[in-house]
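Numbering-wise, the working numbering puts 134 at position 130 of the sequence shown, and it's gapless, one number per residue.
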Amino acid sequence: MHTDIWDALADLADPEIPAISLRELGILREVRTGSDGTPEVVITPTYSGCPAMGQIEDDVRAALTNAGLSARVVTQLAPAWTTDWMSETAREKLRAYGIAPPQCGSDTRSGSNVLKFSRRAMAHEAVPCPQCGSTHTTETSPFGSTACKSMYRCLDCLEPFDYFKPY
Numbered sequence: 005m006h007t008d009i010w011d012a013l014a015d016l017a018d019p020e021i022p023a024i025s026l027r028e029l030g031i032l033r034e035v036r037t038g039s040d041g042t043p044e045v046v047i048t049p050t051y052s053g054c055p056a057m058g059q060i061e062d063d064v065r066a067a068l069t070n071a072g073l074s075a076r077v078v079t080q081l082a083p084a085w086t087t088d089w090m091s092e093t094a095r096e097k098l099r100a101y102g103i104a105p106p107q108c109g110s111d112t113r114s115g116s117n118v119l120k121f122s123r124r125a126m127a128h129e130a131v132p133c134p135q136c137g138s139t140h141t142t143e144t145s146p147f148g149s150t151a152c153k154s155m156y157r158c159l160d161c162l163e164p165f166d167y168f169k170p171y
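If you want it as structure tokens, here you go:
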């Protein structure tokens, strides 16, 4: 159901990481029928207060209009977005784009959920460099080009890179 809407939004890129679609990133959650019968496109921000959400809503509306479709865009905060919603394709595209994909989170394939209460606990985990693949890397700043990323540097190839923080 609603395949025409899914098709219209299939290649809609994330405004901050244009190499990845909103669907691959897991921001585009579902297309459903609202209680009044109107189709609804449900989006969830990567974190509360994400400044790109206004642009994402506008882009979704524009893609629907360009396809001659009508739907309401609904921002849904619960359940909170998690990097587990990212597709494997998105993770590979992040790496190819020069951003290290998130290294941990819940293991949805085994059915077990791992809950971490502190980002500090993750600081010792190896983050592979998206340029050369080395795990000889270091965090240079917990703040990256966007709030959902931190800055790292590879100690082998010396290239700086963003790391998409796991949530």
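We put the CB at the ideal spot given by N, CA and C, even for glycine.
Of the residues M57, C54 and H6, the one whose Cα lies closest to the Cα of E34 is H6. Pairwise C-beta distances place the segment 147 to 158 out of contact with the segment 91 to 99, as fewer than three of them are shorter than 8 Å. With 16 or more other Cβ atoms from the protein chains shown falling within 10 Å of its own Cβ, S25 counts as buried. Distance from the CA of Q135 to the CA of G38, rounded to the nearest whole angstrom, comes to 45 Å. Here F147 is exposed, its C-beta having fewer than 16 other C-beta atoms within 10 Å. For the pair Q107 and E143, the CB atoms are not nearer than the 8 Å cut-off.
T144 carries a strand assignment under DSSP once its states are collapsed to helix, strand and coil. Less than 8 Å divides the Cβ of I47 from the Cβ of I31. Contact check for A66 against P19 fails: the beta carbons are separated by 8 Å or more. Check the Cα spacing between L73 and each of W10, W89, S91 and L29: the tightest is with W10.
Boundaries of the beta strand (DSSP E) harbouring Y156: K153 to C158, taken from the DSSP string.
Per DSSP, the continuous beta strand (DSSP E) segment holding D166 begins and ends at P164 to F168. For D88, the closest alpha carbon among the candidates Y167, H140, A17 and E28 is that of E28. Between the alpha carbons of E163 and E44 lies a gap of roughly 43 Å. Here the alpha carbon of C133 sits roughly 39 Å from the alpha carbon of N70. Around I60, the same chain offers P19, L26, I31 and I47 as residues with beta carbons nearer than 7 Å, after the five sequence neighbours per side are excluded.
Beyond the five residues adjoining it in sequence on each side, T139 comes within less than 8 Å, by CB distance, of A130, V131, P132 and C133 in the same chain, given in chain order.
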